[in-house]
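Undergrad: Mind looking over this structure? Questions follow.
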Amino acid sequence: MEAHSSDVFVIGLTVFFLACIIGYYVVWSVTPALHSPLMGVTNAISSVIIVGAILAAGPQGFDTSKIFGLIGVVLASVNIFGGFLVTYRMLSMFKKKTKKTKEKE
Amino acid sequence: MSYNMVAILYLISALLFIFALRGLSHPESSRMGNIFGVIGMIIAVFTTLMFKSVLSYYEIGAAILIGGAIGSFIALRIEMTALPQLVAAFHSLVGLAAVFVAAAAFYDPVAFSIGKVGSIKTASLVEMSIGTFIGAITFSGSVLAFGKLQGTISGKPIVFKFQHLINALIFLLIIFLIVLFVINQSPTIFWTIVIVSILLGFLVVIPIGGADMPVVVSMLNSYSGWAACGIGFTLSNNLLIITGALVGASGAILSYIMSKGMNRSIINVVLGGFGGEQDTSASKDNSDKIVKQGNAEDAAYIMKNADSVIIVPGYGMAVAQAQHALREMGDILKKEGIEVRYAIHPVAGRMPGHMNVLLAEANVPYEEVLELDEINHDFPMTEVSFVIGANDVTNPAAKTDESSPIFGMPILDVEKSQSVLFVKRSMATGYSGVDNELFYRDNTTMLFGDAKKMCEDIVKSLSA
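If you're matching them up, the sequences are chains A and B in order. To convert, take the position in the first sequence, counting from 1, and add 46; that gives the numbering used here. To convert, take the position in the second sequence, counting from 1, and add 971; that gives the numbering used here.
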């Protein structure tokens, strides 16, 4: 079991470094005009941490761990919905050169 | 569902996240990218819900609905000028969520198959405490950044003696606590790590001035990713590791771009202290120099008779909410057959890309909005530069005056255009506290007043 756990760690480390390299190249390809939406999206996807929170909140009954898990689910959900929606709002503003009626505040 | 099936679904979800970021390489593909992100998240959540150990669907569903409702409500109502605060607030939630997930794993290690209470695997304990540490720093740092951006806390850097030494000692203390925690697995030490890390998060952001916030927000973005990574290692979950690394890399690159835009090293920003007290000794006495003042009609006349105008907006424009009036002005000029473009400095605004969003919100087509590298060589061929709410990013001292605090910062070469119009509230210096020699040049006309009012008046004069 111990030997197995170190294997998992090494696999995790491999995945980690490869993902960093992918992240590096993908993010440099993002056009500077869209850096704010980039932050919105990364905000939303970093809340994939909800996966861990769901696992903690999963078992039946109520114990400390489950309460922490449920709080984690709420916090991550705020971010997921908020992050994707605010990004959607930003992106829908970036329009091509076409005449359109102006929205007045 | 088998472990392999789970792993494959998580992989699909991770790939969709990568495509979501990749989509942002162009505005046209970006909307699809966002949808990829949403699908990836849905797959991740549903896959996890299918786990045998996950039984309490009602509680989890309710938690998602509550969080989702709050998040949607905020995201749909937020003003685009307040984006940086929103992002900071969201980062703090990721950090806090990471702390709670780590705590949950500590109290119920069986649910995550990392051991039993009191005998959790050493590797998991280390990963758990690192995740907690980064999560807690992200949380408190972001809360403070939020306060500074929102204006509830003074944006001035707070500097005190031995600051860096204290931070370093606290960091060493945290390492010591982590070692202790791994040895005796005590809940008291776990929560001590949380509290001390929260304290460190505050101390790290406190010395950083309001104008450096673009770097801080990007940095916290990066931290929130590393926190997710830490949790990913704890749970041996590749999806979390991949996503965390993507976000971490993204935030790190944005921080780099932002600090380069100010010609400062990240270290220099992190150590803080810049952008608060204005160094009066550095600015020369300019009381004898003459400034040419103009009004809206002069500006309208100058621009109407030009072939090309480049508009240089800064954060002052956003503060005055002048973007709509500005776009209206641009539209009239375009109708007159004048070429109108917008030049964006990397650090215009309070977060990366903020100015682009504000202009997009005012319906400025993105093709007319250009980055520093794309437009800088066009200034010599441009008749009028219309600088609104920006100052330091146009200051030639950044190129010529080695003693200037902004020396070396890349600037927009508005000085090379035939004439420059400066919309400013007063002669006050920019955040760097450096005087701008451009104000005193013969071909510069200063337009004093509120940015929005000035644009509206120019529109009136142009239409008259």
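For every residue, glycine included, the Cβ atom is placed at its ideal position computed from N, Cα and C.
Any C-beta of chain A within less than 9 Å: which residues of the segment 1201-1218 of chain B qualify?
TA: Listed by position, the residues of the segment 1201-1218 of chain B near chain A (Cβ gap below 9 Å) are Ile1202, Gly1203, Phe1204, Thr1205, Leu1206, Ser1207, Asn1208, Asn1209, Leu1210, Leu1211, Ile1212, Ile1213, Thr1214, Gly1215, Ala1216, Leu1217 and Val1218.
Undergrad: Please name the residues in the segment 61-76 of chain A whose beta-carbon is closer than 7 Å to at least one beta-carbon of chain B, in chain order.
TA: Result list: Val61, Phe62, Ala65, Cys66, Ile68, Gly69, Tyr70, Val72, Val73, Trp74, Ser75 and Val76.
Undergrad: Comparing alpha-carbon positions, which option in B:Arg1412, B:Glu1345 and B:Val1355 lies nearest B:Asn1366?
TA: Here residue 1366 of chain B refers to the residue found at position 395 when the second sequence is read from its first residue. Taking only the C-alpha atoms, the option nearest B:Asn1366 is B:Arg1412.
Undergrad: Under a three-way DSSP split, which group does B:Ile1095 fall into?
TA: Sequence index remark: in the second sequence, residue 1095 of chain B carries index 124 (1-based). What sits at residue 1095 of chain B in the sequence shown is Ser, not Ile. Of the three classes helix, strand and coil, the one that applies to B:Ser1095 here is helix, per DSSP.
Undergrad: Can you tell me where the alpha helix (DSSP H) holding A:Ala90 begins and where it ends?
TA: Residue numbering aside, residue 90 of chain A sits at position 44 when the first sequence is read from its first letter. Taken as a continuous stretch (DSSP letters only), the alpha helix (DSSP H) holding A:Ala90 covers His81 to Ser92.
Undergrad: Is there a Cβ from chain B that is less than 8 Å from the Cβ of A:Val120?
TA: As a first step, residue 120 of chain A is located in the first sequence; it is residue number 74 there, counting from the start. Closer than 8 Å to some Cβ of chain B, the Cβ of A:Val120 qualifies, so yes.
Undergrad: Would the segment 1096-1115 of chain B and the segment 1156-1172 of chain B be scored as touching if the rule is three or more Cβ pairs under 8 Å?
TA: Contact holds: three or more Cβ-Cβ distances are below 8 Å.
Undergrad: Compute the distance between the beta-carbons of B:Met1322 and A:Met85, then report whether it is under 8 Å.
TA: For this step, residue 1322 of chain B is matched to residue 351 along the second sequence. For this step, residue 85 of chain A is matched to residue 39 along the first sequence. Yes, the pair counts as a contact, with Cβ atoms nearer than the cut-off.
Undergrad: Sorted by chain position, which residues of the same chain lie with C-beta nearer than 6 Å to B:Gly1436's C-beta, five sequence neighbours on each side aside?
TA: The shown model of chain B, from 972 to 1435, leaves out residue 1436 of chain B, and the question about it has no answer.
Undergrad: Cα separation between A:Ser75 and B:Ser1090?
TA: Translated into positions along the first sequence, residue 75 of chain A becomes position 29. Translated into positions along the second sequence, residue 1090 of chain B becomes position 119. Looking at the two C-alpha atoms, the distance is approximately 45 Å.
Undergrad: Please name the residue in B:Ile1202, B:Cys1426, B:Ile1212 and B:Gly1203 whose C-alpha comes closest to that of A:Ala65.
TA: For this step, residue 65 of chain A is matched to residue 19 along the first sequence. When only C-alpha atoms are compared, the closest one is B:Ile1212.
Undergrad: Is B:Asn975 close to chain A? Criterion is C-beta to C-beta, closer than 8 Å.
TA: The residue you call residue 975 of chain B lines up with position 4 of the second sequence. So no, B:Asn975 is outside the interface.
Undergrad: List, in chain order, every chain B residue whose beta-carbon is nearer than 8 Å to that of A:Val124.
TA: Start at 1 with the first residue of the first sequence, and residue 124 of chain A comes out as number 78. Going along chain B in sequence order, the residues near A:Val124 (Cβ under 8 Å) are Gly1038, Gly1039, Ile1041, Gly1042, Ile1045, Phe1061 and Leu1064.
Undergrad: Given that a residue counts as buried once 16 or more other Cβ atoms are within 10 Å of its Cβ, and exposed if not, what is B:Thr1371?
TA: Counting from 1 along the second sequence, the entry for residue 1371 of chain B is found at position 400. With fewer than 16 Cβ atoms within 10 Å of its Cβ, B:Thr1371 is classed as exposed.
Undergrad: Quick check: A:Ser82 and A:Ile126, are their CB atoms within less than 8 Å of each other?
TA: What you label residue 82 of chain A is simply residue 36 of the first sequence in a count that begins at 1. What you label residue 126 of chain A is simply residue 80 of the first sequence in a count that begins at 1. Taking 8 Å as the Cβ cut-off, A:Ser82 and A:Ile126 do not qualify as a contacting pair.
Undergrad: Would A:Met139 count as contacting chain B if we go by Cβ distances under 8 Å?
TA: Here residue 139 of chain A is taken as the residue at index 93 of the first sequence, counted from 1. Taking Cβ atoms only, chain B reaches closer than 8 Å to A:Met139, which makes this a yes.
Undergrad: Anything in chain A within Cβ reach of B:Glu1030, meaning under 7 Å, just list it in chain order.
TA: Numbered from 1 along the second sequence, position 59 holds the residue referred to as residue 1030 of chain B. Under the 7 Å cutoff, chain A gives Ala103 and Leu116.
Undergrad: Taking C-beta pairs closer than 7 Å, name the residues in chain A that B:Phe988 reaches, listed in chain order.
TA: Here residue 988 of chain B is taken as the residue at index 17 of the second sequence, counted from 1. Chain A residues near B:Phe988: Ile91.
Undergrad: Do the segment 1350-1368 of chain B and the segment 1273-1293 of chain B meet, that is, are 3 or more Cβ pairs less than 8 Å apart?
TA: yes
Undergrad: When the Cα atoms are used, what is the spatial distance from A:Pro105 to B:Ile1037?
TA: The count along the first sequence starts at 1 and reaches residue 105 of chain A at position 59. The count along the second sequence starts at 1 and reaches residue 1037 of chain B at position 66. Rounded to whole angstroms, A:Pro105 to B:Ile1037 spans 20 Å at the Cα level.
Undergrad: Looking only at DSSP bridge pairs, what is B:Met1417 linked to?
TA: Position 446 of the second sequence, counting from 1, holds the residue named residue 1417 of chain B. Beta-bridge pairing links B:Met1417 to B:Gln1264 and B:Phe1393.
Undergrad: For B:Pro1351, does the count of other Cβ atoms within 10 angstroms reach 16, so buried, or fall short, so exposed?
TA: Looking up residue 1351 of chain B in the second sequence gives position 380. With fewer than 16 other Cβ atoms within 10 Å, it is exposed.
Undergrad: Relative to the alpha-carbon of B:Ala1075, which residue among B:Ser1397, B:Leu1206 and B:Arg1396 has its alpha-carbon at the smallest distance?
TA: Here residue 1075 of chain B refers to the residue found at position 104 of the second sequence. Of the candidates B:Ser1397, B:Leu1206 and B:Arg1396, the one whose C-alpha sits nearest the C-alpha of B:Ala1075 is B:Leu1206.
Undergrad: So which residues on chain A does B:Phe1117 lean against when the C-beta distance must stay under 7 Å?
TA: Residue 1117 of chain B sits at position 146 when you count from the first residue of the second sequence. Listed along chain A is no residue with a C-beta nearer than 7 Å to that of B:Phe1117; the closest approach is about 13 Å.
Undergrad: Spell out the partners DSSP gives B:Pro1284 in its beta bridges.
TA: On the second sequence, position 313 is the one that residue 1284 of chain B refers to. BP columns for B:Pro1284 point to B:Ile1359.
Undergrad: For a cutoff of 8 Å on Cβ pairs, would you count B:Arg1048 as touching chain A?
TA: The residue labelled residue 1048 of chain B in the question sits at position 77 within the second sequence. No, because no Cβ of chain A sits closer than 8 Å to the Cβ of B:Arg1048.
Undergrad: Name the chain A residues that come within less than 9 Å of B:Ile1179, Cβ to Cβ?
TA: What you label residue 1179 of chain B is simply residue 208 of the second sequence in a count that begins at 1. Correct list: empty, because the minimum Cβ distance to chain A is about 18 Å.
Undergrad: Within 10 angstroms of the Cβ of B:Glu1332, are there 16 or more other Cβ atoms? Answer buried if so, exposed if not.
TA: Locating residue 1332 of chain B in the second sequence gives position 361, where the first residue counts as 1. Label assigned to B:Glu1332: buried.
Undergrad: Which residues mark the beginning and the end of the beta strand (DSSP E) in which B:Leu1341 is found?
TA: For the purposes of this step, residue 1341 of chain B is taken as the residue at position 370 of the second sequence. Here the beta strand (DSSP E) through B:Leu1341 covers Val1340 to Glu1342.
Undergrad: Do B:Met1229 and B:Val1176 have their beta-carbon atoms positioned less than 8 Å apart in this structure?
TA: Residue numbering aside, residue 1176 of chain B sits at position 205 when the second sequence is read from its first letter. Residue numbering aside, residue 1229 of chain B sits at position 258 when the second sequence is read from its first letter. No, Cβ-Cβ distance for B:Val1176 and B:Met1229 is not below 8 Å.
Undergrad: Measure the C-alpha to C-alpha separation of B:Gly1379 and B:Pro1317 and round it to an integer number of angstroms.
TA: Within the second sequence, residue 1379 of chain B is the residue found at index 408, counting from 1. Within the second sequence, residue 1317 of chain B is the residue found at index 346, counting from 1. In a straight line, the C-alpha of B:Gly1379 is about 14 Å away from that of B:Pro1317.
Undergrad: Start and end of the alpha helix (DSSP H) containing B:Glu1427?
TA: As a position in the second sequence, residue 1427 of chain B is number 456, starting the count at 1. Residues Ala1422 to Ser1434.
Undergrad: Are any of the Cβ atoms in chain A nearer than 8 Å to that of B:Thr947?
TA: Limits of chain B in this structure are 972 at one end and 1435 at the other, which puts residue 947 of chain B out of reach.
Undergrad: Which residue comes first and which comes last in the alpha helix (DSSP H) that contains B:Glu1310?
TA: Indexing the second sequence from 1 puts residue 1310 of chain B at position 339. Looking at the DSSP string, B:Glu1310 is not in any alpha helix (DSSP H); the run it does join, the beta strand (DSSP E), is Glu1310 to Ile1315.
Undergrad: Leaving out five residues before and five after A:Ala122 in sequence, what residues of the same chain have Cβ atoms less than 7 Å from its Cβ?
TA: Along the first sequence, read from residue 1 onward, the residue named residue 122 of chain A stands at position 76. Correct list, in chain order: Ser93, Ile95, Ile96 and Ala99.
Undergrad: Less than 8 Å between the C-beta atoms of B:Ala1216 and A:Val132, yes or no?
TA: Position 245 of the second sequence, counting from 1, holds the residue named residue 1216 of chain B. Position 86 of the first sequence, counting from 1, holds the residue named residue 132 of chain A. No, the Cβ-Cβ distance between B:Ala1216 and A:Val132 is not below 8 Å.
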